[in-house]
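Take a look at the structure set out below.
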Amino acid sequence: MMLKIGTRGSKLATTQAGHIRDALIAAGHPAELTIITTPGDINMSPVERIGVGVFTQALRDAMAAGECDIAIHSFKDLPTAPDERFHLVVPQRSYPFDCLIARDGMKLADLPTGARVGTSAPRRVSQLRALRPDLDIQPLRGNIDTRMGKVTTGELDAVILAAAGLARIDVLDKAGEVLDINVMIPAPAQGALAVECRADDADVVAALNLLSDPRATAEATAERSVLRTLEAGCTAPVAAYASATDDHLLLVAGVFALDGSRSLREQITGPVERAAQLGAELAQRLLEQGAAELMQDEKFS
Numbered sequence: 000m001m002l003k004i005g006t007r008g009s010k011l012a013t014t015q016a017g018h019i020r021d022a023l024i025a026a027g028h029p030a031e032l033t034i035i036t037t038p039g040d041i042n043m044s045p046v047e048r049i050g051v052g053v054f055t056q057a058l059r060d061a062m063a064a065g066e067c068d069i070a071i072h073s074f075k076d077l078p079t080a081p082d083e084r085f086h087l088v089v090p091q092r093s094y095p096f097d098c099l100i101a102r103d104g105m106k107l108a109d110l111p112t113g114a115r116v117g118t119s120a121p122r123r124v125s126q127l128r129a130l131r132p133d134l135d136i137q138p139l140r141g142n143i144d145t146r147m148g149k150v151t152t153g154e155l156d157a158v159i160l161a162a163a164g165l166a167r168i169d170v171l172d173k174a175g176e177v178l179d180i181n182v183m184i185p186a187p188a189q190g191a192l193a194v195e196c197r198a199d200d201a202d203v204v205a206a207l208n209l210l211s212d213p214r215a216t217a218e219a220t221a222e223r224s225v226l227r228t229l230e231a232g233c234t235a236p237v238a239a240y241a242s243a244t245d246d247h248l249l250l251v252a253g254v255f256a257l258d259g260s261r262s263l264r265e266q267i268t269g270p271v272e273r274a275a276q277l278g279a280e281l282a283q284r285l286l287e288q289g290a291a292e293l294m295q296d297e298k299f300s
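Mapping of the sequence shown onto numbering that gives the first Met the number 0: position 66 corresponds to residue 65, and the numbering continues sequentially without gaps.
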């Protein structure tokens, strides 16, 4: 049986889906890519205007309709509510961090006052404004090459991108700086893929289970538990980063004012098997400190 893997058509999407295809083939399961066009590939408005799940719903619909057997998502783009129609696994995770690509290889601290930095993610915007209120932050959409090209042409002085995307298309060496979590906490589940199939397709469920990585699963579970407990969407100024070993997990999370004026940060540690509970407990601490009011105050325009 040839497994059809649904993916968006961008270079990044097809590259990461290609890694899953190759892993399935290596495990004895023939597979091929099927390109699915999503509304987010057509509408170039900021993601927070288009809506949560814009990149993932078309893939899920195609899978439910039998147009493909498997769908590959950037896990951070999935809504936090589980969809019982599908079985989901998390393979080995790539870099979870953000990185800076700037002219002349500059680092964030080196950027001059008024430097134009591209990013549309409220999470990045809020943390950037807190760190460097002097920067001129500009909206940014498009694929990786388009975004990096704005620095090459001089339209922008720098852009902030997910390191995982650069690594997957083998251009991470173009980053002048990978941002430590003390500088910028990543998005929940950044760098992790979600690989889904129909829950009632036992043969494909068994094939996908071969790809599951326990450490990546625990980390993504903890981070997304923060997001779910806060009842925040994937475009909210919420950040979370987990680091897991075989038996222990460290989780750091934050909620930020979009103008950079206020922030809440907390961390928690505990047994790795309690990943979801640790995320919920940490989120509850943030709520007790006013996280809901902080997120409610933000207006994305």
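Note that CB positions come from ideal geometry on N, CA and C, so glycine has one too.
Here A217 is not near A161, since their CB atoms are 8 Å or more apart. Judged by their CB atoms, R223 and T33 are not nearer to each other than the 8 Å cut-off. One thing to note: A219 has its Cβ within 8 Å of the Cβ of F74. Listed in chain order, the non-local C-beta contacts of A26 below 6 Å within the same chain comprise L209, local neighbours out to five positions each way being set aside. Under the 10 Å beta carbon count, G117 is surrounded by 16 or more other beta carbons and is classified as buried. Cβ atoms of D156 and R115 come within 8 Å of each other, at about 5 Å. With a beta-carbon spacing of about 18 Å, A238 and A215 fall beyond the 8 Å limit used to define contacts. Under DSSP, D135 takes part in a beta bridge, and its partners are R115. Contact annotation: L277 and L257 have beta-carbon atoms that are not nearer than 8 Å. Segment contact: the region 192-202 against the region 120-134, fewer than three CB-CB distances shorter than 8 Å; contact not assigned. When the five nearest sequence neighbours on each side are left out, the beta carbons in the same chain lying within less than 6 Å of the beta carbon of C67 are those of K3, G5, T33 and A61, in order along the chain. The beta carbon of R123 lies closer than 6 Å to those of I159 in the same chain, with the five residues before and after it left out.
Of all alpha-carbon atoms in I24, P29, D21 and A243, the one lying nearest the alpha-carbon of M0 is that of P29. Beta bridge pairing from DSSP links T79 with no other residue. The shortest CA-to-CA distance from P111 to any of Q91, L134, V225 and P95 is the one to L134.
With respect to the 8 Å criterion, P81 and S211 are not classified as neighbours on the basis of their beta carbons. A residue is called buried when at least 16 other Cβ atoms come within 10 angstroms of its Cβ; E265 meets this threshold and is buried. In this structure, the CA atom of D76 is about 14 Å from the CA atom of G164. Beta-bridge partners assigned by DSSP to E176: L99. Just measuring C-alpha positions, the residue of A241, E154 and A101 sitting nearest D172 is A101. C-alpha of L23 to C-alpha of I69: approximately 11 Å in a straight line. When the beta-carbon positions are compared, P138 and A235 stay at least 8 Å from each other.
With 16 or more other CB atoms across the displayed protein chains lying within 10 angstroms of its CB, K149 is buried.
For the 8 Å CB-CB criterion, I143 and T14 do not form a contact.
Measuring C-alpha to C-alpha distances from G141 to each of K10, A279, L286 and Q288 identifies K10 as the nearest.
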